[in-house]
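Residue numbers 696 to 860, in the working numbering, belong to the letters of the sequence shown in order. Here's the structure, in structure tokens; my notes come after.
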Amino acid sequence: MFATRNSLKLAARSFSTATPQQSKVAVLGAAGGIGQPLSLLLKANARVTKLSLYDIHNTPGVAADVGHINTLSEVTGYSAKDQDGLKKALEGAELVVIPAGVPRKPGMTRDDLFNTNAGIVRDLAQACAEVCPKAKLLIISNPVNSTVPIASEVFKKAGVYDAKK
Numbered sequence: 696m697f698a699t700r701n702s703l704k705l706a707a708r709s710f711s712t713a714t715p716q717q718s719k720v721a722v723l724g725a726a727g728g729i730g731q732p733l734s735l736l737l738k739a740n741a742r743v744t745k746l747s748l749y750d751i752h753n754t755p756g757v758a759a760d761v762g763h764i765n766t767l768s769e770v771t772g773y774s775a776k777d778q779d780g781l782k783k784a785l786e787g788a789e790l791v792v793i794p795a796g797v798p799r800k801p802g803m804t805r806d807d808l809f810n811t812n813a814g815i816v817r818d819l820a821q822a823c824a825e826v827c828p829k830a831k832l833l834i835i836s837n838p839v840n841s842t843v844p845i846a847s848e849v850f851k852k853a854g855v856y857d858a859k860k
């Protein structure tokens, strides 16, 4: 009796009429020290159905490594060498994570770090504003308190800024 009841509950879950939640996530800076483990964690997340990885180099290798994780999500890797690689990585993305940039090195001032990473975040935010303006951005490039406002200004300039996201 109990086995039958439990198997009926299991069968009821299997025939759900709700549409599965599918989402595409793009990681810009996927070949770096933060991007690689972040991509691994995103691949393991059941809510991520498509994972798009982009970086200036080594991205196809990272995508191949992450693709071996036994989940249902599909992984694709794009590099700056690919024609329209950034655009392809961002097409249809609902969430864009930006760990791109350089880490702070010994002797490097906060201004030096800002000058380097601000340009990187600006360029990636411009691409997001053009290709996936409705996507939510997660910026983890240092200094975060300075790079997030840059992305906001880029979206405002493009006319796609939404203060609610």
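Backbone N, C-alpha and C define an ideal beta-carbon position, used for all residues, glycine too. All values derive from a computational prediction rather than experimental measurement.
My parser needs the beta strand (DSSP E) runs of 3 or more residues fully inside the stretch 727 to 751; what are they? Whole beta strand (DSSP E) segments, 3+ residues: 745 to 750.
Assuming glycine 814 contacts glycine 724 (C-beta within less than 8 Å), just tell me the rounded distance between them. At roughly 13 Å, the Cβ-Cβ gap does not stay under 8 Å, so glycine 814 and glycine 724 are not in contact.
From this set, Ala739, Glu786 and Ala775, which residue's C-alpha is nearest aspartate 760's C-alpha? Ranking Ala739, Glu786 and Ala775 by Cα distance to aspartate 760 puts Ala739 first.
Beta-bridge pairing of glycine 724 - partner residues as DSSP gives them: For glycine 724, which the question treats as bridged, DSSP gives no partner whatsoever.
Is DSSP giving alanine 853 helix, strand or coil here? Alanine 853 falls in the helix class under three-state DSSP.
Going by DSSP, what residues sit across from valine 757 in a beta bridge? Answer is none; valine 757 lacks a bridge partner.
Option in Leu736, Ala858 and Asp750 with minimal Cα separation from lysine 776: Residue Asp750 holds the alpha-carbon nearest to the alpha-carbon of lysine 776 among Leu736, Ala858 and Asp750.
The alpha helix (DSSP H) spanning valine 826 covers which residue range? 805 to 826 is the extent of the alpha helix (DSSP H) around valine 826.
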